[in-house]
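Down below is the structure, laid out as structure tokens.
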Amino acid sequence: MSRPPHNTATNRHASPAGLTQAAWAGFLYFSAIFALGFGFGVLRTLALEAFPKLTRLGAVLVEIPVILALAWMVCGVLVARLPLTGGERSAVVMGAFALALLLAAEAGLSVGLNGLSLQEHLALYRQPSHGIGLAGQCIFAILPWVRIRYFSPPARRLQTKP
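Set out below in structure tokens:
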């Protein structure tokens with residue numbers, strides 16, 4: 001039995017090529033925000049040493065909105081320039097892949113540079129500053145979907161309609 005031709009406007013499933021493009025977009029999104037986050041982490045560490053009354057939680061509460069604003073801009077550029085042919089589904093893949101890479105890189109740095117075990121790293125999320133950081137990472141992951149769902153041209157949104 002032959003399959004009907006692939007049509008991204010009506011197909012409910014993203015093609016393998018579309019998934020590859022979404023994963024590539026996720027990798028680029030992760031790379032940009034990880035580099036920015038690493039830089040902000042260095043600045044946060046220096047600020048905590050320079051200003052003894054500044055708490056880690058306070059520093060994170062200042063840092064998260066700035067990084068999310070930058071993530072919003074980076075995401076907008078990537079969504080506009082890369083052909084995410086799967087529409088909202090591709091955006092979800094992009095965000096999920098970027099989040100998975102971000103969490104893996106964060107765990108790798110925690111284990112590799114700080115000498116923590118993976119269990120010790122995961123236990124950090126019980127601290128308010130790390131928990132808020134994780135919430136910020138989850139918001140980072142949904143930004144591609146929000147961009148395509150609510151802020152892209154109507155033609156892009158039509159691609160995900162049945």
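In this text, residue positions in the sequence shown follow this note's numbering: the first is 1, and each later residue adds one.
All C-beta atoms in this analysis are idealised placements derived from N, C-alpha and C, irrespective of residue type, glycine included.
Cβ-based neighbour list, residue i, same chain, cut-off 7 angstroms, excluding 5 preceding and 5 following
| i | result |
| --- | --- |
| A71 | I33, F140 and L143 |
| N54 | Inspection of the sequence shows that residue 54 is occupied by Leu rather than by Asn. Here the set comprises A47 and L48. |
| S129 | R56, L57 and V60 |
| E63 | F40 and R44 |
Whole-number beta carbon distance between residue j and residue i, since they are thought to touch under 8 angstroms
| i | j | result |
| --- | --- | --- |
| G136 | L36 | Not confirmed; about 12 angstroms, so no contact. |
| G26 | F97 | 3 angstroms |
| L113 | Y125 | The Cβ separation is near 18 angstroms, so there is no contact. |
| G86 | A22 | 6 angstroms |
Buried or exposed by the 16-neighbour rule on C-beta atoms within 10 Å, applied to residue i
| i | result |
| --- | --- |
| Q127 | exposed |
| C75 | buried |
| F40 | buried |
| S117 | exposed |
| F38 | exposed |
| P4 | Any reading at P4 needs caution, since the residue's pLDDT is 38, under 50, leaving its predicted position unreliable; the model's value is listed next. Looking at its Cβ environment, which holds fewer than 16 other Cβ atoms inside 10 Å, P4 is exposed. |
| G115 | exposed |
| L78 | buried |
| A104 | exposed |
| E106 | buried |
Straight-line Cα distance separating residue j from residue i
| i | j | result |
| --- | --- | --- |
| L48 | V146 | 33 angstroms |
| E120 | G108 | 12 angstroms |
| S152 | T20 | 21 angstroms |
| L84 | C138 | 21 angstroms |
| F51 | P65 | 20 angstroms |
| G131 | S110 | 15 angstroms |
| M73 | I148 | 13 angstroms |
| A123 | A80 | 38 angstroms |
| V42 | A91 | 30 angstroms |
Cβ-based neighbour list, residue i, same chain, cut-off 8 angstroms, excluding 5 preceding and 5 following
| i | result |
| --- | --- |
| W24 | L82 |
| G95 | G26, Y29, F140, A141, I142, L143, P144 and W145 |
| V93 | A14, L19, A22, A23, G26 and G86 |
Cutoff 6 angstroms; reference residue i; Cβ partners in own chain excluding five residues on either side
| i | result |
| --- | --- |
| F30 | A98, L101 and L102 |
| Y150 | none |
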